[in-house]
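Residue numbers (my numbering): 17 to 581. Beta carbons: idealized from backbone N, C-alpha and C, even for Gly. It should be emphasised that the depicted structure is a prediction, and the values quoted were computed from it without experimental measurement. See structure below.
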Amino acid sequence: MRGLGALGLGVLLVLVPPPAPAETYTAMLSVRRALGSEGRLLRRLRAYLREESGRLRRLARFYEKVQALHQDPKASVDNPLLAFSLIKRLHSDWPNVIYSDEATENTQALHDGFKEVEQELPGAEDLDGAARALMRLQDVYALSVKGMANGVFQRAGAGWPPLYSPSRRVSLSADDCFHVGKVAYDTGDYYHSIAWLEEAVGLFRLSYGSWNPEDRSSLEDALDHLAFSYFMAGNISHALSLSKEFLHYDPSNRRVARNVVKYEKLLEMGTATSPRPLQRPNGTRLQSRDAYEELCQRSGGQPSLEQFPRLSCSYETNGSPYLLLQPAKKEVVQIQPYVALYHDFVSDTEAETIKGLAGPWLQRSVVASGEKQQKAEYRISKSAWLKDTADPVVRALEQRIAAVTGLDLRPPYAEYLQVVNYGLGGHYEPHFDHATGGRCLQAEPCQRGTVVPTGLTVPTPSLLGQSRKSPLYRMKSGNRIATVMIYLSAVEAGGSTAFIYANFSVPVVKNAALFWWNLRRNGDGDGDTLHAGCPVLAGDKWVANKWIHEHGQEFRRPCSTNAQD
Numbered sequence: 017m018r019g020l021g022a023l024g025l026g027v028l029l030v031l032v033p034p035p036a037p038a039e040t041y042t043a044m045l046s047v048r049r050a051l052g053s054e055g056r057l058l059r060r061l062r063a064y065l066r067e068e069s070g071r072l073r074r075l076a077r078f079y080e081k082v083q084a085l086h087q088d089p090k091a092s093v094d095n096p097l098l099a100f101s102l103i104k105r106l107h108s109d110w111p112n113v114i115y116s117d118e119a120t121e122n123t124q125a126l127h128d129g130f131k132e133v134e135q136e137l138p139g140a141e142d143l144d145g146a147a148r149a150l151m152r153l154q155d156v157y158a159l160s161v162k163g164m165a166n167g168v169f170q171r172a173g174a175g176w177p178p179l180y181s182p183s184r185r186v187s188l189s190a191d192d193c194f195h196v197g198k199v200a201y202d203t204g205d206y207y208h209s210i211a212w213l214e215e216a217v218g219l220f221r222l223s224y225g226s227w228n229p230e231d232r233s234s235l236e237d238a239l240d241h242l243a244f245s246y247f248m249a250g251n252i253s254h255a256l257s258l259s260k261e262f263l264h265y266d267p268s269n270r271r272v273a274r275n276v277v278k279y280e281k282l283l284e285m286g287t288a289t290s291p292r293p294l295q296r297p298n299g300t301r302l303q304s305r306d307a308y309e310e311l312c313q314r315s316g317g318q319p320s321l322e323q324f325p326r327l328s329c330s331y332e333t334n335g336s337p338y339l340l341l342q343p344a345k346k347e348v349v350q351i352q353p354y355v356a357l358y359h360d361f362v363s364d365t366e367a368e369t370i371k372g373l374a375g376p377w378l379q380r381s382v383v384a385s386g387e388k389q390q391k392a393e394y395r396i397s398k399s400a401w402l403k404d405t406a407d408p409v410v411r412a413l414e415q416r417i418a419a420v421t422g423l424d425l426r427p428p429y430a431e432y433l434q435v436v437n438y439g440l441g442g443h444y445e446p447h448f449d450h451a452t453g454g455r456c457l458q459a460e461p462c463q464r465g466t467v468v469p470t471g472l473t474v475p476t477p478s479l480l481g482q483s484r485k486s487p488l489y490r491m492k493s494g495n496r497i498a499t500v501m502i503y504l505s506a507v508e509a510g511g512s513t514a515f516i517y518a519n520f521s522v523p524v525v526k527n528a529a530l531f532w533w534n535l536r537r538n539g540d541g542d543g544d545t546l547h548a549g550c551p552v553l554a555g556d557k558w559v560a561n562k563w564i565h566e567h568g569q570e571f572r573r574p575c576s577t578n579a580q581d
């Protein structure tokens with residue numbers, strides 16, 4: 017469940033200073049800040065190289081001078097001046113070269129510069145999170161690992177056009193591929209570790225024997241991890257050949273030597289099983305994963321008007337004087353569930369203002385788990401909450417939302433505006449915005465008629481919205497009746513909003529607002545609103561969410577005479 021406890025968080029905007037940099041990979045704004053930190057390090061390194069280059073030029077002149085003396089047949093220590101110079105060089109000049117104060121000062125300046133930004137730098141969690149983001153993109157968009165390593169975002173298999181063509185292709189190093197594979201390896205995910213470690217081994221082989229300051233791993237490391245990955249996948253013969261290759265480079269490694277003996281015995285005894293097909297792990301237990309990913313892969317998700325003649329585009333005033341001079345540009349993209357897209361809902365200036373207001377307050381987005389909130393891998397983003405008093409732009413936006421929807425947004429009938437910035441491969445797996453019955457909250461993406469790990473069956477759509485244990489109800493304003501989601505930025509690829517059961521997706525349309533009803537008129541949750549934020553393949557995705565509650569809307573969206581509606 018997104019955005020629980022919004023009212024309390026809104027108060028914190030006034031009382032609490034901005035959070036310290038953390039979890040860089042969870043928001044592109046944080047990644048951009050990290051780029052600024054690297055820029056400062058780059059300037060320090062440039063100064064270091066300039067000073068060191070001058071020192072090395074002076075060392076070269078010293079070397080050439082002494083070398084010339086050694087090669088001059090007429091130079092003899094019988095000459096007292098040459099003898100004095102030799103003694104002085106050995107006593108003073110050479111120690112000065114070896115124990116150079118200037119070299120120490122240059123290095124210390126570089127160390128000091130690093131310490132200045134060290135607290136702002138990404139940590140191990142960020143590096144692992146970024147690796148998982150690449151694997152997520154690989155999975156959801158069916159990308160070729162070899163292509164990704166070469167800087168190409170293309171589906172595996174022949175004949176597919178690139179999903180994204182960057183203006184400048186950036187390839188991954190052997191060490192980069194090794195780290196991605198190692199993250200998968202450490203969690204027992206050999207489906208991903210084998211693909212990425214294969215790329216690492218291939219690249220390390222090409223550069224074996226040459227030192228690279230960017231490499232913290234080696235060909236031996238990659239061979240070792242890849243061999244064990246293949247062993248765990250049941251491919252003993254390939255694990256054996258990789259281990260033998262390892263011993264070619266490091267014959268003294270006893271552990272790998274023992275592994276070779278073990279693999280050979282398994283093959284000789286015939287007890288080794290045939291290689292098992294690698295199965296992609298389904299850590300999120302999404303039974304709708306295939307449908308979700310197929311929708312994310314679509315370049316354009318809306319059905320045609322010929323297929324659905326009731327879909328329409330229109331200028332709407334909704335009977336509001338606020339919209340008389342500038343009606344809303346409304347596109348109905350789906351009838352069931354009812355979903356409308358309002359084009360040019362905000363201006364570029366308004367979007368930038370909202371992003372600027374939220375930026376300093378972004379914190380890792382959380383989801384509901386029972387009555388608590390927690391971080392989750394199926395939601396990678398940072399978010400902040402803005403009151404309508406934060407800026408006139410926010411107040412005007414609230415008035416515009418009220419005019420377009422015809423709903424009452426006065427507290428406590430709606431939550432504060434939530435601004436979200438998605439991170440590397442940022443996504444939000446299938447979920448409902450409204451509170452659902454039983455245990456089907458955002459701790460486990462909801463499925464119709466499935467069984468969650470707790471052993472409790474998820475209720476059918478007719479029971480949705482009946483739970484009163486959700487933190488939403490602490491607001492004492494009922495369930496979330498409607499969602500307005502505003503795209504504050506464009507993205508280069510990915511990031512669509514996919515409605516799983518309704519089988520359509522809406523691509524990111526900059527400055528547009530997406531609107532849908534979460535509840536039916538009888539107050540039950542609409543099961544067809546199960547939706548997801550597809551991973552951002554390339555770009556900086558910002559959205560603003562406004563969740564409107566059912567209390568206060570009794571006469572604005574009255575119940576139907578049909579109890580099933």
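Exposed unless 16 or more other CB atoms sit within 10 angstroms - verdict on residue i
i: Y79; result: exposed
i: D128; result: exposed
i: N437; result: buried
i: T120; result: exposed
i: S330; result: exposed
i: Q350; result: buried
i: Y429; result: buried
i: F247; result: buried
i: M285; result: exposed
i: I564; result: buried
i: W110; result: exposed
Option nearest residue i by Cα separation, candidates the options
i: G422; options: R395, W533, S187; result: W533
i: V272; options: M285, E284, S257; result: S257
i: F244; options: Q295, W227, E214, D581; result: E214
i: S512; options: G442, Y331, Q83; result: G442
i: V420; options: D407, G335, R496; result: G335
i: A190; options: Y180, H254, E230, H86; result: E230
i: Q580; options: K281, H241, D542; result: D542
i: V168; options: A149, A43, L188, E570; result: L188
i: R401; options: R416, L425, L373; result: Residue identity check: residue 401 is Trp in the sequence provided, not Arg. Taking only the C-alpha atoms, the option nearest W401 is L373.
i: H359; options: L106, L235, R416; result: R416
i: A165; options: Q154, P297, A528, E39; result: Q154
i: H608; options: A498, A529, E445, L504; result: Nothing in the structure corresponds to residue 608, since the chain is present only between 17 and 581.
i: L425; options: Q569, Q313, R395; result: Q569
Continuous beta strand (DSSP E) stretch holding residue i: start and end
i: Q295; result: That residue, Q295, is in no beta strand (DSSP E); it is neither H nor E in DSSP.
i: K582; result: In the structure as shown, the chain starts at 17 and stops at 581, and residue 582 therefore has no counterpart that could be examined.
i: N14; result: This structure cannot speak to residue 14, because the chain is shown only from 17 to 581.
i: H447; result: 444-447
i: S330; result: 329-332
i: T42; result: Premise fails: T42 is in no beta strand (DSSP E) and is neither H nor E.
i: L357; result: 355-359
i: S521; result: 520-522
i: R496; result: 496-503
Beta-bridge partners of residue i, as assigned by DSSP
i: W621; result: Residue 621 falls outside the range modelled here, since the chain spans only 17 to 581, and no answer is possible.
i: G510; result: V552
i: G541; result: L535
i: R66; result: R66 pairs with nothing; no bridge assigned.
i: H547; result: H447, F515
i: A529; result: Y358, I502
i: L159; result: R171
i: R326; result: R326 is not bridged to any residue.
i: Y180; result: F169
Element boundaries [alpha helix (DSSP H), containing residue i]
i: R274; result: 270-285
i: L239; result: 235-248
i: R305; result: 305-313
i: D128; result: 117-133
i: D364; result: 364-374
i: E261; result: 252-265
i: E230; result: Per DSSP, E230 belongs to no alpha helix (DSSP H) and is neither H nor E.
i: V113; result: 110-114
i: L98; result: 96-104
Residues near residue i by beta carbon distance below 8 angstroms, same chain, minus five either side
i: T405; result: R411
i: G317; result: The predicted position of G317 is uncertain, since its pLDDT is 48 and thus under 50; a value taken from the coordinates is nonetheless stated next. Excluding residues within five positions, the ones whose Cβ falls inside 8 angstroms are L311, S512, A514, F520, S521, V522, P523.
i: R185; result: N166, G167, V168
Close beta carbons around residue i, own chain, < 6 angstroms, minus the five adjacent residues each side
i: P37; result: Confidence is the limiting factor: at P37 the pLDDT is only 48, short of 50, which leaves the residue's position unreliable and the question unanswerable from this model.
i: L440; result: Y41, A146, A149
i: S259; result: A243, V272, N275, V276
i: H208; result: M151, A200
Own chain, CB closer than 7 angstroms to residue i, minus 5 neighbours either side, in chain order
i: D407; result: T369, L373
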